[in-house]
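As structure tokens, the structure follows; a few thoughts come after it.
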Amino acid sequence: MRITSAEYLSSNVLAEKCPAPDKPEYAFIGRSNVGKSSLINMLSGNSELAHVSARPGKTQVINHFLINKNWYLVDLPGYGFAKVSKVQREKFERMIRGYLTRRPNLMCVFLLVDARHEPQANDLAFMETLAEARLPFTLLFTKCDKLSSNAMLTALRRYKEVMLQHWEEFPPHILTSAETGKGRDEVLQFIEDTNQLFKKMH
Ligand code: GTP
Ligand code: MG
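Take any residue in the sequence shown, note its place counting from 1, add 12, and you have its number in our numbering.
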């Protein structure tokens, strides 16, 4: 899919105030600093669309972006980063939970995990939450530019091994890098296909 327009729409604390759920929506969720905002910029081809920072806790509210005038990308605050204060973390987690239960147009959650790290307990717990809410998710491994292809294979094998201790199958996953653009075509293709599904349902 070619991106012809990418616009910032709104920032909200409350999911009730978000744009009408009349277009297919894709949310970027994961630990603070994992690279959610960077990946949104990479996919949209606009490095200034979402705000990026080396300091975790940069994104603090629910941000909607309208892409090609017909689908939404959503940038959310991160969860579970120890360097973000406990009060702030709880606020973000409440916001994320509120968001997840109030978007009937949410077609898929992109759950971002840092390709360099072992599977984290809070990511695994978050996957359980998604499964209980019957929300489909795709794993996006981020910052893949920081690993050699061999190290990437090892990391992926390890991730699979840990997940298969609790899950029947390894979920759909895409390797990405906001630095190199890796995974862009694959993610956009997935969104294009899923947008068709939304059309059929409405
Ligand atoms: P919060 O909004 O705080 O939850 O963080 P976030 O998940 O939105 O992360 P953000 O996109 O702000 O990126 C965090 C840091 O990681 C920044 O310093 C980015 O430059 C860096 N980063 C993000 N993606 C990549 C990537 O693909 N490769 C590399 N090397 N660095 C990345
Ligand atoms: Mg962010």
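Glycine is no exception: its CB is placed at the ideal position from the N, C-alpha and C atoms.
Inter-residue Cα distance where the pair is residue i and residue j
i	j	result
arginine 196	serine 50	12 Å
valine 125	lysine 212	31 Å
serine 17	asparagine 82	10 Å
methionine 205	arginine 146	For clarity, residue 205 is aspartate in the given sequence; the question names methionine instead. Between aspartate 205 and arginine 146, the C-alpha separation is close to 20 Å.
threonine 192	glutamine 177	32 Å
leucine 123	aspartate 157	18 Å
threonine 113	histidine 214	20 Å
proline 33	leucine 78	12 Å
asparagine 53	serine 59	5 Å
methionine 164	arginine 128	8 Å
asparagine 280	arginine 169	It is not possible to answer for residue 280, since the shown part of the chain is limited to 13 through 214.
proline 131	glycine 57	29 Å
asparagine 80	leucine 209	17 Å
glutamate 180	valine 174	11 Å
Cross-strand partners of residue i (DSSP beta bridge)
i	result
phenylalanine 104	Phenylalanine 104 pairs with nothing; no bridge assigned.
threonine 150	Phe122
glycine 42	Leu124
tryptophan 179	Tryptophan 179 is not bridged to any residue.
isoleucine 74	Asn24
glutamate 1	No answer is possible for residue 1: it lies beyond the span of the chain, which begins at 13 and ends at 214.
glutamate 130	In the DSSP output, where bridge partners are listed per residue, glutamate 130 has none listed.
tyrosine 111	Paired residues: none, contrary to the question.
Nearest to residue i (by Cα), restricted to the options the options
i	options	result
lysine 48	Asn58, Val64, Asp34 and Cys156	Val64
glycine 69	Gln177, Asn45 and Tyr111	Asn45
lysine 29	Val96, Phe93, Asn75 and Asn80	Asn75
tyrosine 84	Asn117, Arg109 and Met164	Asn117
valine 121	Met107, Ser23 and Leu142	Leu142
tyrosine 111	Asn80, Leu209, Gln201 and Asn24	Asn24
Expected contact under 8 Å - CB spacing of residue i and residue j to nearest Å
i	j	result
proline 184	threonine 150	5 Å
leucine 55	valine 199	6 Å
methionine 119	tyrosine 38	6 Å
asparagine 134	tyrosine 91	6 Å
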